[in-house]
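These notes concern the structure reproduced below.
Number of protein chains: 2
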Amino acid sequence: MSKVTVIGSGNVGTAVATVAAKGGAHVQILGRDHEKASALASQVGGTAGAVGDPITGDIVVLAVPYTALAELAESYGAQFDGKVLVDVTNPVDGATFDGLTVPADSSAAAELQALVPGAKVLKAFNTNFAGTLASGQVGDVPTTVLVAGDDADAKQALVDVVKAGGVEAAAIGSLKRARELEAFAFLQMTLAVQEVVGWGGGFALRK
Amino acid sequence: MSKVTVIGSGNVGTAVATVAAKGGAHVQILGRDHEKASALASQVGGTAGAVGDPITGDIVVLAVPYTALAELAESYGAQFDGKVLVDVTNPVDGATFDGLTVPADSSAAAELQALVPGAKVLKAFNTNFAGTLASGQVGDVPTTVLVAGDDADAKQALVDVVKAGGVEAAAIGSLKRARELEAFAFLQMTLAVQEVVGWGGGFALRK
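Just so you know, the sequences run in chain order A and B.
Heads up: the first sequence runs through residues 1 to 207, numbered per my numbering.
Heads up: the second sequence runs through residues 1 to 207, numbered per my numbering.
Here you go:
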């Protein structure tokens, strides 16, 4: 049985926790908003706690905004060592909506890995609008979760959890590909903001 | 009646010329390989010439590899002024297949625009594998051509040509977005190389 900890109980955290629980994983929710975290935990048959509580999962999904990553890395520190640590963030420049705030040759995931060198950092879920993860559909076709990372076993573990939850997933390359995944997700967000697509649409992977 | 010049008669040039002709555009093919250019021109009911010949189109699609852009910009120079100039390239590092050769904060399209400031440069077709452009399908769903550029009329003109040819198209943002389009296309190529998808698949836009 997989053990998944989701830090954050917003739209993305809720969608990830729901998929993981549907696949039979034990889910721990750690949230700043105790009521919301408890409600989500009870919804997915898991346990709830506060951010900063000990982590029970082997896979830890940081379902928080980019700006919260550094603080989490600092507060958990070596407790992340050996964990599969999943970065879902898109560091979009909110002031201009015309680019990302990470250096052009880097990524949020690469920055996180540098902060917690003992963790097996993955980039995943960032290319999926939360609604498409929850519904399992991008418009009229199935959602696929793209997973990048340097540790093949860690990638496979996450792919297995997502697939068990009924959503397609694919391991797609090293953590360097997080740069392209973040560019891809930003592009997709600009399309939704311009109403070229809805937030239930976007890019779907077809074979 | 739109007038489209396609420079290059490879897979991408052939697919673009075929779509444009299907939509009723007059198509001029300029190619280094005279026989191939003539065959393609006769296939699409257009005219053929050599690279360096005068351009008859208002929309000029540079269906050449990234490495050929600078030479074309130099040889045509001011003849590109006022033209809608379409960059289709993906400057993938062929030695490592682990990134692009353009600076991380730039794009092939931005470099082309700098070389030919009088042209209305668009980025388009680079996110479409040639086979998906030719068939109009990404796997089981319709292909969409994404068009980025700073000139709204130029973008609309290309969108109209593509749509007239029976393929979906969307104007999606300024030429700055070429950076994300190139990252997106590189990511998609890595998926095909890893056989996660076939060259008839990839990312499809759903509303």
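Every residue gets a Cβ at the ideal spot worked out from N, C-alpha and C, and that includes glycine.
As a beta-bridge residue in DSSP terms, residue 28/A pairs with 5/A, 47/A. When secondary structure is reduced to three states using DSSP, residue 20/B falls in the helix class.
Not a single C-beta of chain A is nearer than 8 angstroms to the C-beta of residue 17/B.
With contacts defined as CB atoms closer than 8 angstroms, residue 170/B and residue 147/B qualify as a contacting pair. Residues of the region 28-48 of chain B with a C-beta less than 9 angstroms from any C-beta of chain A: none at all.
For the set 159/B, 21/B, 126/B, the Cα lying nearest the Cα of residue 108/B is the one of 126/B. Rounded to the nearest angstrom, the gap between the Cα atoms of residue 10/B and residue 63/B is 7 angstroms. Excluding five sequence positions before and after residue 93/B, the CB atoms of its chain that fall closer than 8 angstroms to its own CB belong to 99, 100, 101, given in chain order. Think of a sphere of 7 angstroms around the beta carbon of residue 205/B: the chain A residues whose beta carbon falls inside it are 197, 203, in chain order.
By the neighbour-count definition (other C-beta atoms within 10 Å, threshold 16), residue 61/B is a buried residue. Taking 8 angstroms as the threshold, the shortest C-beta distance from residue 181/B to chain A falls below it.
Collapsing the DSSP output to three states places residue 80/B in a helix. Only buried fits residue 110/A, as 16 or more other CB atoms lie within 10 angstroms of its CB. Contact of residue 143/A with chain B by beta-carbon distance below 9 angstroms is absent, the smallest such distance being about 10 angstroms. Per DSSP, the unbroken alpha helix (DSSP H) holding residue 186/B starts and ends at 178-193. For residue 121/A, the enclosing beta strand (DSSP E) starts and ends at 120-123. The C-alpha of residue 176/A lies about 22 angstroms from the C-alpha of residue 89/B.
The Cβ atoms of residue 20/A and residue 161/A lie closer than 8 angstroms to each other.
Exposed is the label assigned to residue 114/A, since fewer than 16 other Cβ atoms lie within 10 Å of its Cβ. For residue 101/A, the nearest beta carbon of chain B is not closer than 8 angstroms to its own beta carbon. Counting C-beta pairs closer than 8 angstroms gives fewer than three between the region 42-51 of chain B and the region 188-207 of chain A, which falls short of the contact rule. For residue 140/A, the neighbours in chain B by C-beta distance under 7 angstroms run, in chain order, 206.
For residue 132/A, DSSP assigns no beta-bridge partner whatsoever. Around the beta-carbon of residue 35/B, fewer than 16 other beta-carbon atoms lie within 10 Å, marking it exposed.
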